[in-house]
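In order, the protein sequences belong to chains A and F. Oh and the first sequence: position 51 is 53 in this note's numbering, straight run, nothing missing. Oh and the second sequence: position 8 is 10 in this note's numbering, straight run, nothing missing.
Number of protein chains: 2
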Amino acid sequence: MSVTVLIVDDHPVVRSGLRAVLDADAGVQVIGEAATGEEAVTLATHLRPDVVLCDLRLGAGIDGIQTTAALRALEPAPAVLILTTFDRDAEVLGAIEAGAAGYLLKDVAPSAILAGIQRAARGDTVLTPELASRVLKGLRDPLPKLTEREIEVLRHLAEGAANKEIARALYVTEATVKSHLAHIFTKLGVDSRSRAIHQARERGLI
Amino acid sequence: MSVTVLIVDDHPVVRSGLRAVLDADAGVQVIGEAATGEEAVTLATHLRPDVVLCDLRLGAGIDGIQTTAALRALEPAPAVLILTTFDRDAEVLGAIEAGAAGYLLKDVAPSAILAGIQRAARGDTVLTPELASRVLKGLRDPLPKLTEREIEVLRHLAEGAANKEIARALYVTEATVKSHLAHIFTKLGVDSRSRAIHQARERGLI
DNA sequence: GGTGAGCTCATCCATTCGGATGATCCGGGA
DNA sequence: TCCCGGATCATCCGAATGGATGAGCTCACC
Numbered sequence: 003m004s005v006t007v008l009i010v011d012d013h014p015v016v017r018s019g020l021r022a023v024l025d026a027d028a029g030v031q032v033i034g035e036a037a038t039g040e041e042a043v044t045l046a047t048h049l050r051p052d053v054v055l056c057d058l059r060l061g062a063g064i065d066g067i068q069t070t071a072a073l074r075a076l077e078p079a080p081a082v083l084i085l086t087t088f089d090r091d092a093e094v095l096g097a098i099e100a101g102a103a104g105y106l107l108k109d110v111a112p113s114a115i116l117a118g119i120q121r122a123a124r125g126d127t128v129l130t131p132e133l134a135s136r137v138l139k140g141l142r143d144p145l146p147k148l149t150e151r152e153i154e155v156l157r158h159l160a161e162g163a164a165n166k167e168i169a170r171a172l173y174v175t176e177a178t179v180k181s182h183l184a185h186i187f188t189k190l191g192v193d194s195r196s197r198a199i200h201q202a203r204e205r206g207l208i
Numbered sequence: 003m004s005v006t007v008l009i010v011d012d013h014p015v016v017r018s019g020l021r022a023v024l025d026a027d028a029g030v031q032v033i034g035e036a037a038t039g040e041e042a043v044t045l046a047t048h049l050r051p052d053v054v055l056c057d058l059r060l061g062a063g064i065d066g067i068q069t070t071a072a073l074r075a076l077e078p079a080p081a082v083l084i085l086t087t088f089d090r091d092a093e094v095l096g097a098i099e100a101g102a103a104g105y106l107l108k109d110v111a112p113s114a115i116l117a118g119i120q121r122a123a124r125g126d127t128v129l130t131p132e133l134a135s136r137v138l139k140g141l142r143d144p145l146p147k148l149t150e151r152e153i154e155v156l157r158h159l160a161e162g163a164a165n166k167e168i169a170r171a172l173y174v175t176e177a178t179v180k181s182h183l184a185h186i187f188t189k190l191g192v193d194s195r196s197r198a199i200h201q202a203r204e205r206g207l208i
């Protein structure tokens, strides 16, 4: 009895590649492809795959984390295996929190993908070694949660805006912006806007 | 007479995908795959493909731009078609300058890739519409060239380093760092370190 | 031998930033 | 009802940053 798989990726070429890799193995059976998160949920509802292989970046529409959460809410819920190019902390943790069975970097060998699918289908957790330690570290040292407003400020910050400009953009005074920034700096453990930008990128907050 | 193609990409899955897409068309014939730039040059020397389909990001080793330059130096030189996920100005212009026949974003439809290969094989230039205008704009308003040292400073800047830290890292005084920064700001047309970081990212300088 | 580009350093000065501290207001939960 | 977190604003102050300007030094190139 082979494992049924739904492929979710916004790049046609990657979908073809995954299908080619998976079709070559008798242990898995690709039963569908989706280009967006919405399409993935619709197809999963009808096709009931054992495993959904899902890209994190899905272009327009809902992202991989939201898709994962929606898929895990289905009955029966498929195992969701995240497959992506990048490995930013916030995204890894976000996907795991949303119920993903695991996380594979796209540059792994086809055999690792196949092995990951089998393990995910059995209910195991699948993490590349480098990621596993980072996830555990993340659990010990949880990401500080920034508020909505703080994230907004952070976005403007990352575009190089000065406090005065951020203030104008958000319709608040400069004092408020400085207040938010002080909180952001504390939460991120930094002491300058440049380093805050760097940290935010590293952690995938923006 | 079909067009012979060499696929260059560090991701096995993408290579499989491209091969699947290209194999489905009678007009092209995939005659080889390479995972690195070095391998691409070696294979191209022996296989003499009409077109090399090359990713810009190749993991370790030389990047797509360097690979393009090396390929174009061969005799006979294959047409090089860049295929990638991102579209950063410096990279687009760099690839064109290195002799690439064109540039396609990875999220295009398989038919567009096939059409691009045919056009590249005929010696035409291949650019996605959004990119074409940017390239022309780039020719009118060329990217300011930063010196080696300025790029070094920029890298430290992007990691959030203060002037004092950059100075220490580069074994120069803070005055020198400020001098470099002033030049960087002028060349990038900005007036703050944060915006310089933003611009540098946008233009693919770091 | 002159010229220019790039790297280095310096000084002066205005602006911005970051840190500390504290206050008000509001909404939701104990 | 009272308390707390989040958002807002304010003031003070030292440190960092950015702008202007000038200058010496090396190296490649003409």
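Don't be surprised by glycine CBs; every beta carbon is placed ideally from N, CA and C.
- For Gly206 of chain F against Asp91 of chain F, the beta-carbon gap comes to about 6 angstroms, under 8 angstroms, which counts as contact.
- Listed in chain order, the non-local C-beta contacts of Ala28 of chain A below 7 angstroms within the same chain comprise Ser4, local neighbours out to five positions each way being set aside.
- Take Asn165 of chain F, set aside five residues on each side of it, and the residues of its chain with a beta-carbon closer than 8 angstroms to its own are Glu176, Val179, Lys180, Leu183, in chain order.
- A check of alpha carbon separations from Thr38 of chain F across A:Leu73, A:Val53, A:Thr6, A:Asp109 identifies A:Asp109 as the nearest.
- At least one C-beta of chain F is nearer than 7 angstroms to the C-beta of Val23 of chain A.
- The alpha-carbon separation between Lys189 of chain F and Arg21 of chain A amounts to approximately 47 angstroms.
- Of all alpha-carbon atoms in A:Lys147, A:Val82, A:Gln201, the one lying nearest the alpha-carbon of Val53 of chain A is that of A:Val82.
- Beta-bridge annotation (DSSP): Glu35 of chain A is paired with A:Ile9.
- Among the bridge pairs identified by DSSP, Leu55 of chain A is matched with A:Ile9, A:Leu83.
- Residue ranges of uninterrupted beta strand (DSSP E) with 3 or more members, entirely inside the stretch 84-153 of chain F and ordered along the chain, are 104-107.
- Nearest neighbour of Val15 of chain A by Cα position, chosen from F:Thr70, F:Ile115, F:Ala62, turns out to be F:Ile115.
- Residue-level contact by beta carbon fails for Ser4 of chain F and chain A, as no gap is shorter than 7 angstroms.
- Assigned with DSSP and collapsed to three states, Val16 of chain F falls in helix.
- Relative to Thr127 of chain A, the option among A:Ala97, A:Lys147, A:Leu156 whose CA is nearest is A:Ala97.
- Residue F:Pro80 holds the alpha-carbon nearest to the alpha-carbon of Thr6 of chain F among F:Arg74, F:His13, F:Pro80.
- With contacts defined by Cβ atoms closer than 7 angstroms, Asp25 of chain A and Gly61 of chain A do not form a contacting pair.
- Comparing alpha carbon positions, the residue from F:Leu172, F:Gly63, F:Thr70, F:Tyr105 closest to Ser135 of chain F is F:Tyr105.
- In this model, Ala198 of chain F and Gly162 of chain A are separated by some 7 angstroms (Cα to Cα).
- Between Gly101 of chain A and Thr70 of chain A, the gap from beta carbon to beta carbon is short of 7 angstroms.
- Listed as beta-bridge partners of Val30 of chain A by DSSP are A:Val5.
- Close to Ser196 of chain F, with beta-carbon spacing below 9 angstroms, are these residues of chain A in chain order: Leu159, Ala160, Glu161, Gly162, Ala163, Ala164, Arg195, Ser196, Ile199.
- Scanning chain F for C-beta atoms nearer than 8 angstroms to the C-beta of Ala42 of chain A yields nothing, as the closest lies near 17 angstroms away.
- Apart from the 5 residues on each side of it in sequence, Val155 of chain A sits with its Cβ closer than 8 angstroms to the Cβ of Ile168, Leu172, Val179, His182, Leu183, Ile186 in its chain, given in chain order.
- By the neighbour-count criterion, in which a residue is buried when 16 or more other Cβ atoms sit within 10 angstroms of its Cβ, Glu99 of chain A is exposed.
- Bounds of the alpha helix (DSSP H) holding Leu190 of chain A are 176-190.
- A straight-line Cα-Cα distance of about 35 angstroms links Gln201 of chain A and Ala111 of chain F.
- When the Cα atoms are used, Leu138 of chain A and Arg50 of chain F turn out to be separated by approximately 49 angstroms.
- Taking CB atoms only, Gly63 of chain A has no neighbour in chain F less than 7 angstroms away.
- With a contact defined as Cβ atoms closer than 8 angstroms, Leu95 of chain F and Leu58 of chain F miss out at about 12 angstroms.
- In the three-state DSSP reduction, Arg50 of chain F falls in the coil class, being neither helix nor strand.
- Residues Ile208 of the same chain have their beta carbon placed closer than 8 angstroms to that of Arg157 of chain F, with the five preceding and five following residues left out of the count.
- For Val128 of chain A, there are no neighbours in chain F by C-beta distance under 8 angstroms, as the nearest C-beta there is about 16 angstroms away.
- In the three-state DSSP reduction, Gly66 of chain A falls in the helix class (H, G or I).
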